[in-house]
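Colleague: Before anything else, here's the structure in question.
Residue numbers (the numbering used here): 4 to 150.
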């Protein structure tokens, strides 16, 4: 009886731990105000861009917020959000002395009869800058499109 109880407790704990460690297993996306998103651990970056240097006001609520800059300052890695049939991409729209404006695009199929899964993915996207980021503000925008 004691062995059966211990086995049941171990199994229940194992299931709980497994469910909590799986991406998207009933968890809500991180809030945009969170310092860094819960993006995959293998996101290649040299250092995070300080939160005060990022303008994320145009991102949808709950969108991950994780922006990193390479050691040389010319490559930004931004964690995006995509799921099912959608595909994320990033485009540098404008580069001035004060800011770098980047649009994150989530493209979905034009055919509404396509069966799509309900999974969420957080791919790291990279963009190249003409000059090092330095203290310029990173302004993030979001749009959806069809392909």
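A virtual CB, placed ideally from N, CA and C, is assigned to each residue, including glycine.
No experiment lies behind these values; they were computed from the predicted model shown.
1) Once the 5 residues before and after residue 136 are set aside, which same chain residues still bring their CB inside 6 Å of it?
2) Residue 81 to residue 118, Cα distance in whole Å?
3) Quick check on the DSSP output: the beta strand (DSSP E) that includes residue 93 runs from which residue to which?
4) Could you check what DSSP says for residue 76 in three-state terms: helix, strand or coil?
5) Rounded to the nearest angstrom, what separates residue 147 and residue 84 at their Cα positions?
6) Apart from the five residues on each side of it in sequence, which residues of its chain come closer than 8 Å, Cβ to Cβ, to residue 113?
7) Who are residue 87's beta bridge partners in DSSP?
8) Could you give the residue range of the beta strand (DSSP E) that holds residue 108?
9) Should residue 63 go down as buried or exposed, given a rule of 16 or more other Cβ atoms within 10 Å for buried?
10) On a Cα-Cα basis, can you pick out the residue from 107, 78, 86 that is closest to residue 96?
11) Is residue 128 near residue 91, with beta carbons less than 8 Å apart?
12) Assuming the contact rule is C-beta atoms closer than 8 Å, residue 140 and residue 56 should be a hit. Round their C-beta distance to whole Å, please.
Modeller: So, from the listed chains and residues:
1) These residues qualify, in order along the chain: 72, 76.
2) 28 Å
3) 90-98
4) coil
5) 11 Å
6) 149, 150
7) The partner list for residue 87 (beta bridge, DSSP) is empty, contrary to what the question assumes.
8) Counting along the chain, the unbroken beta strand (DSSP E) around residue 108 starts and ends at 102-111.
9) exposed
10) 107
11) yes
12) 6 Å
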